[in-house]
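As given, the protein sequences belong to chains A and B, one line each in that order. FYI, in my numbering the residues of the first sequence are 4 to 206. FYI, in my numbering the residues of the second sequence are 9 to 229. The C-beta atom is built at its ideal place from N, Cα and C for all residues, glycine as well. Keep in mind that this is a model prediction, so the values were computed, not measured. The structure under discussion appears below in the form of structure tokens.
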Amino acid sequence: MIAVEGLTLSRGERVLFRDLSFSAGSGEVLALTGANGAGKTSLLRALAGFLQADAGRIAFADVDPAEARTKHLHWLGHLDGLKGARRAREELTFQARWLDAGADGIAAAIDVLALEPLLDLEVRKLSAGQRRRLAFARLIAVQRPIWLLDEPLSPLDARWRAALGVLMKAHVDRGGTIIAAVHDPLPLAARALDIGPDAGVRR
Amino acid sequence: MSALMILWRRELSLAWAGGGGPLLACGFFLCLTVLVPLASGGDPAGLKPVAGGIAWVALAVSSILSLERLFERDFEDGTLDLLALGPAPLELAVIAKAQAQWVAVGWPLALTAPLAAITLGLPPSLAPLAALAALIGGLGFALTGALGAALALGSKRGGVLIAVVVLPLFIPPVVFGAGALERAANGLSPGPALAFLCAYVLFAGVITPFAGAAAVRNAQG
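Have a look at this one:
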């Protein structure tokens, strides 16, 4: 579903990794591991089309990359894209509708992530974990097969880590693909891919 | 309701969130136009030939105030990443943001313009023209200003950089807008100057979406 060939990525003068190749198919979970600054986030941003690679190719099955990015791919980074002055309901609706969600999808996301009690609060009053749940809602509201997640569980408590693990499992069981940058292990079976200066050499 | 409409409404509500930024711009605009007659010694006759020009310089400077908010905050909190991944093209998102900026800031400034014109000693009969010209020019300011704000993304001191990038681009609308008031004050038709002002808006409307979206993509890299 997503295939990377000979990818070399650098930030400024520093080369993060060279000649990295991997693929993640339907139903697979790929956990990107590596030290801080190894390039996990940069790799995810390159997959999402924000960063230009120095060399190599990123291919999405039989879809044009530009189309894949705007129709088949979810991105959940460190930053939630939520505005403190707005109510949770408004921000959830905006994020989901921007990605073309229907009312059913939004209602399902509110239900699954137990967001109802938060909806009338201003986003600034939410905790980091609650904000992450609110941002995660767009992944449930809009069906897109590829999920790119950057430390998705870090602000969450044990209960919600497990709950999001169940949601991620359900997504891959439906044939989705998840690529997640992690430090702690994910609460579901995942193939690990170590990112770093010698990641490409090792394979 | 389409995705762009939702973005537009979000922009509008954010412009007014947290203390009424547009009112601040209007207050700044009026302060500038009150300062000039006081500083120039209170001689209305001497001020008259340049009143239209001063009004438009004040309008241009006031339009810059809230531009930093337009893209920089969305860049810092990750909203721009989300905007790039929606089915709607980023170019249209840039237009929606610029348009919302016009409605949020340009319209209140256009409503303030007659007051500013009268403060500067222009005859009250010119008040409707001052508002109309400021309304058209405001769309030009919002479009070019959005481009400047996108170009300044990610730089330290973005606010000052926006002003330095944008003010030279504001010269044509200031010339045409002040020209409209000048011609009307001398009993001529303001039509030609307004037509040039409209032409500038159309030009900005074509350039801004493409250049602005390219600047946003560049900042994301």
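A residue is called buried when at least 16 other Cβ atoms come within 10 angstroms of its Cβ; B/LEU134 meets this threshold and is buried. Within the same chain, Cβ atoms closer than 7 Å to the Cβ of A/LEU191 are found at VAL32, GLY168, MET171, LYS172, the five residues on either side in sequence being excluded. Beta-bridge analysis with DSSP links A/LEU76 to A/ILE149. Taking a contact as a CB-CB distance under 8 Å, the pair B/LEU40 and B/ALA66 counts as one, their CB atoms being some 4 Å apart. Where A/PHE63 is concerned, the enclosing beta strand (DSSP E) starts and stops at 58 to 63.
It is roughly 15 Å from the alpha-carbon of A/ILE61 to the alpha-carbon of A/THR73. For A/GLN146, not one C-beta of chain B is nearer than 8 Å to its own C-beta.
For A/ARG89, the residues of chain B that pass the 9 Å Cβ criterion are ARG18, SER21, LEU22, ALA25, in the order they occur in the chain.
Relative to the Cα of B/GLY185, the nearest Cα in the group B/LEU91, B/CYS206, B/GLY167, B/ARG165 belongs to B/CYS206. The DSSP assignment places no complete beta strand (DSSP E) segment of no fewer than 3 residues inside the stretch 56 to 110 of chain B.
Against chain A, the beta carbon of B/ILE14 has neighbours under 8 Å at THR96, PHE97, ARG100, TRP101, listed in chain order.
For the stretch 74 to 88 of chain A, the set of residues with a beta-carbon nearer than 9 Å to any beta-carbon of chain B comprises LYS74, LEU76, HIS77, TRP78, GLY80, HIS81, LEU82, ASP83, GLY84, LEU85, LYS86, GLY87, ALA88, in chain order.
The bridge partners DSSP lists for A/ILE5 are A/ALA27, A/PHE63. Interface residue (Cβ-Cβ distance to chain B less than 8 Å): A/ARG72 is classified as such. Within the stretch 161 to 225 of chain B, the runs of alpha helix (DSSP H) that reach at least 4 residues and sit entirely inside it are, in chain order, 166 to 177, 179 to 193. At a C-beta separation below 9 Å, A/LEU54 has these neighbours in chain B: GLN228, GLY229.
Contact annotation: the stretch 186 to 198 of chain B does not touch the stretch 101 to 110 of chain B, with fewer than three C-beta pairs closer than 8 Å. When C-beta distances to chain A are compared with 9 Å, the residues of the stretch 73 to 98 of chain B below that value are ARG81, ASP82, GLU84, ASP85, GLY86, THR87, LEU88, ASP89, LEU90, LEU91, ALA92, LEU93, GLY94, PRO95, ALA96, PRO97, in chain order. Look at B/ALA106: its C-beta is not under 8 Å from any C-beta on chain A. In this structure, A/GLY84 and B/THR87 form a Cβ contact; the two beta carbons are roughly 4 Å apart against a cut-off of 8 Å. A/LEU196 sits away from A/TRP78, with the two beta carbons spaced by 8 Å or more. By a beta-carbon distance limit of 8 Å, A/ALA166 does not contact A/ILE143. Their separation comes to about 11 Å.
Within chain A, ARG100, TRP101, ASP103 have C-beta atoms less than 7 Å from the C-beta of B/ALA11, given in sequence order. Only exposed fits B/LEU31, as fewer than 16 other CB atoms lie within 10 angstroms of its CB.
Annotation: A/GLN133 to B/LEU210 spans about 44 Å, alpha carbon to alpha carbon. According to the DSSP assignment, A/ALA117 belongs to no alpha helix (DSSP H), since it is labelled neither H nor E.
A distance below 6 Å between beta-carbons, with the five flanking residues on each side excluded, links A/ALA104 to the following residues of its chain, in chain order: ALA144, VAL145.
A direct Cα-Cα distance of roughly 47 Å separates A/GLY199 from B/PHE149. Counting only the Cα atoms, B/ASP85 lies some 19 Å from B/ALA104. Residue environment for B/ILE179: exposed (fewer than 16 other C-beta atoms within 10 angstroms of its C-beta).
A/PHE20 and A/GLY40 do not touch by the CB rule: their CB atoms are close to 12 Å apart, not below 8 Å. For A/VAL32, the enclosing beta strand (DSSP E) starts and ends at 32 to 36.
For A/LEU196, the enclosing beta strand (DSSP E) starts and ends at 194 to 197. Residue environment analysis places A/HIS174 among the buried positions, since at least 16 neighbouring C-beta atoms fall within 10 angstroms of its C-beta. A/GLY80 sits buried, since 16 or more C-beta atoms from the chains shown fall within 10 Å of its C-beta. Here A/LYS128 is exposed, its C-beta having fewer than 16 other C-beta atoms within 10 Å.
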